[in-house]
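Asks:
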Amino acid sequence: MAADAGCFLDEERPRPVRLLGIGSILHFARNGDVVWGSGINGKIRDERHVFSSLDVRAVRGPLTRDFLMRRGIDVPEVFGDPGILVADLLGSRFPKPAERKTPVAFVPNLHDLPKMEGWENVVSPLDHWASVVRRISEASHVISSSLHGLVIADAFGIPCTYLRLSEEENTLKYEDYVLGVGRARLDITRSREEAVRASPMGTARPDLARLKASFPYDLWDC
């Protein structure tokens, strides 16, 4: 994002502040931090959030917005995990294939990886990020227990299904994300067979232009 505007991350910034981006990382925030697309983590206790003032440009979804506003922090209605921009920003690197190579790709969260041992077309989160993105972009249907498996599928307009294989992850981040991209609810499947049979979640309708416009270019004086 910054490079597209002629700014580079290794340049000295006029405002020496910290930028929080992708991930359920708001419990790491401190006063004065800038937030662009981050979210809360449902596994983290409220008292771990020790900030009282943040410069929020966008958040992952409305559940994060509500949490912050209850703490007296002003939050615009700009939603989206920044990963949703991958096809928009890197489309030339990951062009839409003439034909989808994989009928169904399975994308596990890291702790679910052993549970998918022996399955076909598993996209490992341990692979290089570009390989993960490419393999997801080549699928006709993405079944994922990983939030970012769903995010990348949405970025490329690929039907996707949330598969919950364990109770390791709180569902809040998934609910927050799907509401933020315009879905009415989080649909949950609990087995490979159910996920394959189920209809994918409704179409995501993220406002990419608004999310991009909210990027804090001013941190680099762009």
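Quick note: to get this note's numbering, add 1052 to the position in the sequence shown (first position is 1). Backbone N, C-alpha and C fix where the C-beta goes; we use that ideal spot for every residue, glycine too.
#1: Between the alpha carbons of Leu1307 and Ala1247, how many angstroms are there, rounded?
#2: Rounded to the nearest angstrom, how far is the Cβ of Ser1196 from that of Phe1208, given a contact under 8 angstroms?
#3: Any contact of the stretch 1178-1194 with the stretch 1222-1241, i.e. 3+ C-beta pairs under 8 angstroms?
#4: Does the beta-carbon distance from Arg1109 to Pro1258 come in below 8 angstroms?
#5: Pick out whichever of Met1253, Ala1250, Val1203 and Arg1216 has its Cα sitting closest to the Cα of His1163.
#6: Determine the contact status of Ser1198 and Trp1088, defining contact as a CB-CB distance below 8 angstroms.
#7: Please confirm whether Arg1112 has its beta-carbon closer than 8 angstroms to some beta-carbon of chain B.
#8: Count the other CB atoms, across all protein chains shown, that sit within 10 Å of the CB of His1180; report buried if there are 16 or more and exposed otherwise.
#9: Report the three-state DSSP secondary structure of Gly1232 (helix, strand or coil).
#10: Do three or more CB pairs link the stretch 1113-1132 to the stretch 1140-1151 at distances below 8 angstroms?
#11: To the nearest angstrom, how far is the alpha carbon of Thr1213 from that of Val1233?
#12: For Arg1187, does the three-state DSSP call read helix, strand or coil?
#13: Using a 10 Å radius around the Cβ and a threshold of 16 neighbouring Cβ atoms, would you call Asn1161 buried or exposed?
#14: Excluding the five sequence neighbours on either side, which residues of its own chain have a C-beta within less than 8 angstroms of the C-beta of Val1156, listed in chain order?
#15: Within a Cβ cutoff of 7 angstroms, which residues of the same chain sit near Arg1235, ignoring the five residues on either side of it in sequence?
#16: Is Ala1157 helix, strand or coil by DSSP?
Replies: Taking the structure as given:
#1: Nothing about residue 1307 can be read from this structure; the chain reaches only from 1053 to 1274.
#2: Cβ-Cβ separation between Ser1196 and Phe1208: approximately 13 angstroms, too far for a contact (criterion under 8 angstroms).
#3: Contact annotation: the stretch 1178-1194 does not touch the stretch 1222-1241, with fewer than three C-beta pairs closer than 8 angstroms.
#4: Cβ distance not < 8 angstroms, so Arg1109 and Pro1258 don't count as in contact.
#5: The residue with the shortest Cα to Cα distance from His1163 is Arg1216.
#6: No, the pair does not count as a contact, with Cβ atoms beyond the cut-off.
#7: Considering every chain present, this structure includes no chain B. It has just one protein chain.
#8: Exposed is the call here.
#9: Residue state for Gly1232 is assigned as helix, using DSSP reduced to three classes.
#10: At 8 angstroms Cβ cutoff, the stretches do not touch.
#11: Taking the straight line joining both Cα atoms gives about 15 angstroms.
#12: In the structure shown, Arg1187 sits in a helix (DSSP, three-state: H, G or I).
#13: Around the beta carbon of Asn1161, 16 or more other beta carbons lie within 10 angstroms, which makes this residue buried.
#14: Asn1173, Ala1191, Ser1192, His1193, Val1194, Ile1195 and Val1248.
#15: Within the same chain, Arg1235 has close Cβ partners Met1253, Gly1254 and Ala1256.
#16: For Ala1157, the secondary structure class from DSSP, reduced to helix, strand or coil, is strand.
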